[in-house]
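Everything on this sheet refers to the single structure shown next.
Structure representation (structure tokens):
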């Protein structure tokens, strides 16, 4: 329930603070006084699109804040879902900045528009004149039926089945498309894989071949220098090793006399061993190194193949070519498994469709069951609103297509006159008849909505009909909060609380404000509605009679 509304720097409202009570409240005011401005501010609080043009001229931001009593509406789980602090008194605030940006808060915690809209929709329902167009909307018809049927569990079962079905259908469509694309590329992928396999790629092969190519390309120079090095290390005369061996013998001969330098012979022996190993390796390499044109040709051709494959696929190494080959092997293998995967998903989809159809049938049955009750209730209330021959029907048609709301389409049909054919509301109903029908529907589905605001729903009616509409709103206000913005004295008089919207001039601007009227002020306000600003004794007496009839 809306307890308090604060508006700052919104259009003609510089600063407004007003308390609201439970029960039936009416709001009146002259045309242009600013009643629609207050509705616009509430719309912002409910997540409507923000426009910086509504900020009062010369101000940097506007603020709309509502205080709600949510203690009786079981919203704890919703607060928990969005990680919000729960409090029995909930404050929702929307700030609109001059740069067009807006900020939203729930209990001083910043929130996005999604939780703001979901929470506010659970707290307030604003019905303005343009919403009468909903009567032509088949989705609205289903909403009415579901609200009366109270088929939340059936709808949830259908919704769960629908989500699973659509997800599987999406996966199947994607897999079929993937399989079709794979089939189109299968021959080329198979050719690429065969080409990679025929190349017999090996890790580190390119580096080893390049090293061998370098040696074979300079084989004569390498062999000549290796042979010369071998001779310098180990030859009969003048080579390093024989001389080093002679050195070692002489050191060993004087080893007893060297004292602290006795390790010289050991170090020389180690050097001799190391040089012997080097000499053997150099000799072996010299012997093995031979010019081999055939081997060099093979290596050059092999390297050309490897480089060609890398350039073809824009890769930088044999390792990347091997990775590509493994990827191709997986893809070709996957191509062969598409048929099995598709068949498995088709089988799953068929089972889910069966579950979905069962859930849709159960949901349809719950809807069809309440149609006679809806018809009886609406027709009965419309008769009380001076549509003596009113007839209403909701046609519930089943389709083969699954939608988020089921396989049903609901069309509200209406006839106001005797023997008139039932037709779509927008085709046969006047503005006043449409307003009365919508009020009856709202009264029918109001359960669970803490606050309902009617913005001039009484357009096109007057007299006794207006009085009856006021009575319906008063009855709706039992256990909830109903606020009606009205231009009819008969409805204004029904209010348990009466607010007046007015303009006042200050030194710098014209401002809109609102205040709760005292009992004696209500007489004057209603008299103004009856006769305009020129109050007459008859208008005042009439206003008193209207108010007295409610007590």
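Residue numbers (my numbering): 785 to 1335. Even glycine gets a Cβ: it sits at the ideal position worked out from N, Cα and C. On a predicted model such as this, the values are computed, not experimentally measured, just so you know.
Review point. In angstroms, rounded to a whole number, what distance separates the CA positions of residue 804 and residue 789?
Key: Walking along the chain shown from the start, residue 804 turns up at place 20. Walking along the chain shown from the start, residue 789 turns up at place 5. Near 8 Å, if we compare the C-alpha coordinates of residue 789 and residue 804.
Check your understanding: Can the beta-carbon of residue 1223 be found closer than 8 Å to that of residue 1208?
Key -> The residue labelled residue 1223 in the question sits at position 439 within the chain shown. The residue labelled residue 1208 in the question sits at position 424 within the chain shown. Going by beta carbons, residue 1223 and residue 1208 fall outside the 8 Å limit.
Practice item. Express the C-alpha separation of residue 1201 and residue 1175 in angstroms, rounding to a whole number. Key: Within the chain shown, numbered from 1, the residue matching residue 1175 stands at position 391. Within the chain shown, numbered from 1, the residue matching residue 1201 stands at position 417. In a straight line, the C-alpha of residue 1175 is about 8 Å away from that of residue 1201.
Check your understanding: Which two residues bound the contiguous alpha helix (DSSP H) that contains residue 1082?
Key -> Within the chain shown, the letter at position 298 stands for residue 1082. It spans 1077 to 1096 - the alpha helix (DSSP H) in which residue 1082 sits, taken as one unbroken run.
Review point. How would you write the range of the alpha helix (DSSP H) that residue 930 sits in, first residue to last?
Key: In the chain shown, counting from the first residue as 1, residue 930 sits at position 146. Residue 930 -> alpha helix (DSSP H) spans 922 to 933.
**Study point:** Burial state of residue 816 (16 or more Cβ within 10 Å)
**Key:** Residue mapping note: residue 816 aligns to position 32 of the chain shown, counting from 1. Residue environment: residue 816 is assigned as exposed (fewer than 16 neighbouring CB atoms within 10 Å of its CB, all protein chains considered).
Exercise for review: Identify which residue in 1022, 1149 and 897 has its Cα closest to the Cα of residue 1191.
Suggested key: Numbered from 1 along the chain shown, position 407 holds the residue referred to as residue 1191. The option with the nearest alpha carbon to residue 1191 is 1149.
**Study point:** Distance CB(residue 1267)-CB(residue 911) smaller than 8 Å
**Key:** Mapped onto the chain shown, residue 1267 falls at position 483. Mapped onto the chain shown, residue 911 falls at position 127. Not in contact: residue 1267 and residue 911 (Cβ atoms no closer than 8 Å).
Practice item. Taking only the alpha-carbon atoms, compute the straight-line gap between residue 1216 and residue 847 and give it to the nearest angstrom. Key: Looking up residue 1216 in the chain shown gives position 432. Looking up residue 847 in the chain shown gives position 63. About 36 Å.
Point to revise | Of the residues 1204, 1183 and 1181, the one placed nearest residue 1173, counting alpha carbons only | key: To locate residue 1173, count along the chain shown from 1; it is residue 389. With distances taken between Cα atoms, residue 1173 lies closest to 1204.
**Study point:** Contacts around residue 1181, its chain only, beta-carbon distance under 6 Å, and the 5 residues preceding and following it disregarded
**Key:** Position 397 of the chain shown, counting from 1, holds the residue named residue 1181. Within the same chain, residue 1181 has close Cβ partners 1193.
Review point. How about residue 1035 and residue 1025: do their beta carbons lie closer than 8 Å?
Key: On the chain shown, position 251 is the one that residue 1035 refers to. On the chain shown, position 241 is the one that residue 1025 refers to. Taking 8 Å as the cut-off, the Cβ atoms of residue 1035 and residue 1025 do not count as close.
Check your understanding: For residue 1027, does the count of other Cβ atoms within 10 angstroms reach 16, so buried, or fall short, so exposed?
Key -> Taking the first residue of the chain shown as position 1, residue 1027 is located at position 243. So residue 1027 counts as exposed.
Check your understanding: Quick one: Cα of residue 894 to Cα of residue 1227, how far?
Key -> Within the chain shown, the letter at position 110 stands for residue 894. Within the chain shown, the letter at position 443 stands for residue 1227. Residue 894 and residue 1227: Cα-Cα distance of roughly 35 Å.
Check your understanding: Among all the DSSP beta bridges, which residues are the ones paired with residue 880?
Key -> Start at 1 with the first residue of the chain shown, and residue 880 comes out as number 96. Residue 880 pairs with 846 and 886.
Check your understanding: With distances taken from CA atoms, which of 1295, 1310, 959 and 1162 is nearest residue 841?
Key -> For the purposes of this step, residue 841 is taken as the residue at position 57 of the chain shown. In this structure, 1295 is the residue among 1295, 1310, 959 and 1162 with its C-alpha nearest to the C-alpha of residue 841.
Check your understanding: residue 1331 and residue 1277: beta carbons closer than 8 Å?
Key -> Taking the chain shown and counting its residues from 1, the one referred to as residue 1331 is at position 547. Taking the chain shown and counting its residues from 1, the one referred to as residue 1277 is at position 493. The answer is yes: Cβ separation under 8 Å.
Practice item. Go ahead and label residue 928 buried or exposed: buried means 16 or more other beta carbons lie within 10 angstroms of its beta carbon, across all protein chains shown. Key: For the purposes of this step, residue 928 is taken as the residue at position 144 of the chain shown. By the neighbour-count rule (16 or more Cβ atoms within 10 Å), residue 928 is buried.
Review point. Under the three-state reduction of DSSP, which class applies to residue 1190: helix, strand or coil?
Key: For this step, residue 1190 is matched to residue 406 along the chain shown. It is a strand residue.
**Study point:** Selection from 1305, 1292, 1274 and 1291 that minimises the alpha carbon distance to residue 1285
**Key:** To locate residue 1285, count along the chain shown from 1; it is residue 501. Answer by Cα proximity: 1305.
Point to revise | Continuous alpha helix (DSSP H) stretch holding residue 1024: start and end | key: Here residue 1024 refers to the residue found at position 240 of the chain shown. Per DSSP, residue 1024 belongs to the alpha helix (DSSP H) from 1024 to 1037.
Review point. Can you name the start and end residues of the beta strand (DSSP E) that residue 787 belongs to?
Key: Here residue 787 refers to the residue found at position 3 when the chain shown is read from its first residue. Unbroken beta strand (DSSP E) run through residue 787: 786 to 794.
**Study point:** Secondary structure of residue 1285, DSSP reduced to three states
**Key:** Against the chain shown, residue 1285 aligns to sequence position 501. In the three-state reduction of the DSSP assignment, residue 1285 falls in the strand class.
Review point. Beta strand (DSSP E) containing residue 1074: first to last residue?
Key: Taking the first residue of the chain shown as 1, we reach residue 1074 at position 290. Counting along the chain, residue 1074 sits inside no beta strand (DSSP E), nor does DSSP assign it H or E at all.
Check your understanding: Per DSSP, residue 807 forms a beta bridge with which residues?
Key -> As a first step, residue 807 is located in the chain shown; it is residue number 23 there, counting from the start. Answer by DSSP bridge pairing, in chain order: 1265.
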